[in-house]
Every structure is written in C-alpha cells, then in structure tokens.
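What follows is a single structure, written as structure tokens, with notes after it.
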Amino acid sequence: MAIKSVGGVAVQPRHRLSCHCGAVVLELTLPDGIVDPRRCDCSICRRKGAVVASVPLDGLRVLQGQEHLRLYQFNTHTARHHFCGVCGIYTHHQRRSSPHKYGYNVGCLDGINPYLLGDVPVNDGVNHPADRGGAATAAPARQDTG
Ligand SMILES: [Zn+2]
C-alpha cells in the first residue's frame, strides 16, 4: 500500500518530518509516498499508538537537531528507537524485523493527518517475526478506534 496524498495533502518526494517542538527535523525520501503504514501491538508501539511507515536507511536524513535525538533500546537491543529529548515525541526507529529500514512516525510528517489514512492494518507485534523465525506478516485490519 503506497499513499501519495492524505486528505488532499500531497506527500512530497522529499517530505519533512518534525517532532512537536521543532528541535528535530528530518527529511524523508518518499518517491512512492507513504509505504505500508501500520500500527503495531508490541509492547512499545501499543504505548506510543503511532502509525508507522517505512523508508530505506538512506531515505532518511537528519536536517536539524541530531543533538536532541535520544536513543531507547530494550529486550534484544536490536531496534533503535529515537525520540526528541525536548518534547519526547517519537520520530523514527531502526527496525528489528528489517534492520535495513527505518520506521517513522507518520503523524510527524509536515501537514499530514494520520487519522485521514482510513483503516491502518495492525501488525502482530506480540508474536514478533524475529522471535518465531518467520517472515513478517500482518494481522488483518482491525477496528482500532480506542
Ligand atoms: Zn521536540
């Protein structure tokens, strides 16, 4: 699923992503728009509640605020979760299931309202693919309106 506009707002081939306070600004290369947006019910994503999509590692550049980015790791310490140390907003993470990709917070894309994406599939993050040795699979879309 690749999304080139959300609620009438075009996803730019180079789209800016920022935390809430503006200290951290990233530029994402999104030639195909927002690819494969998901929610996830793993222990960290269920707390963040963010809609996350993917870019290749070379598709993300920190324009500003590298010094404000904090790193959080847990469990196997494979995934690298980044958030702004000033406002606390999650911006992106290096995936554990696909280490050659970053996940990013769709709600941080300039001008994009993630609630206008419609139904977003929920990943089965409780049964992490890296824990069962299988390929990443997605659970069918669930109504997740809480
Ligand atoms: Zn911030």
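Per this note's numbering, residue 1432 is the first one in the sequence shown, and the count goes up by one each step.
All C-beta atoms in this analysis are idealised placements derived from N, C-alpha and C, irrespective of residue type, glycine included.
Here the structure is a predicted model, which means the values were calculated and not measured.
| Own chain, CB closer than 8 Å to residue 1547, minus 5 neighbours either side, in chain order | Result list for residue 1547: 1437 and 1438, in chain order.
| Got a sec? Which residues, its chain only, sit under 6 Å from residue 1435 by beta carbon, not counting five neighbours each side? | 1442 and 1464.
| request: With a cut-off of 8 Å on the beta carbons, I'd call residue 1554 and residue 1469 a contact; round off their distance for me. | output: Between residue 1469 and residue 1554 the Cβ distance is about 5 Å, and since that is below 8 Å, they are a contact.
| said: I'd like to know if residue 1461 contacts chain C, where contact means its C-beta is closer than 9 Å to some C-beta of that chain. | reply: Here there is only one protein chain, and chain C is not present.
| query | residue 1557 to residue 1511, Cα distance in whole Å? | reply | Approximately 18 Å, taken between the alpha carbons.
| field | Assumed close pair residue 1448, residue 1541 - CB separation to whole angstroms, cut-off 8 Å | value | About 7 Å separates the two Cβ atoms, so the contact holds.
| For the beta strand (DSSP E) that contains residue 1450, what are its first and last residues? | Counting along the chain, residue 1450 falls outside any beta strand (DSSP E), and DSSP gives it neither H nor E.
| Does DSSP classify residue 1569 as helix, strand or coil? | The predicted position of residue 1569 is uncertain, since its pLDDT is 44 and thus under 50; a value taken from the coordinates is nonetheless stated next. In the structure shown, residue 1569 sits in a strand (DSSP, three-state: E or B).
| When we look at the beta-carbon of residue 1526 and count the other beta-carbons within 10 Å, is it buried (16 or more) or exposed? | Counting Cβ neighbours within 10 Å, residue 1526 comes out buried, since at least 16 surround it.
| Distance, residue 1498 Cα to residue 1440 Cα | Approximately 30 Å, taken between the alpha carbons.
| message | Going by DSSP, what residue range makes up the alpha helix (DSSP H) through residue 1476? | response | For residue 1476, the enclosing alpha helix (DSSP H) has its first and last residue at 1476-1479.
| query | For residue 1481, is the classification buried or exposed, using 16 other Cβ atoms within 10 angstroms of its Cβ as the cut-off for buried? | reply | So residue 1481 ends up on the buried side.
| Taking residue 1495 as the reference, which of 1489, 1485, 1515 and 1549 has the closest Cα? | For the residues 1489, 1485, 1515 and 1549, the minimum Cα distance to residue 1495 belongs to 1515.
| Going along the chain, which residues of its own chain have a beta-carbon closer than 8 Å to the beta-carbon of residue 1500, five neighbours each way excluded? | Apart from the 5 residues on each side of it in sequence, residue 1500 sits with its Cβ closer than 8 Å to the Cβ of 1455, 1493, 1513, 1514, 1515, 1516 and 1522 in its chain, given in chain order.
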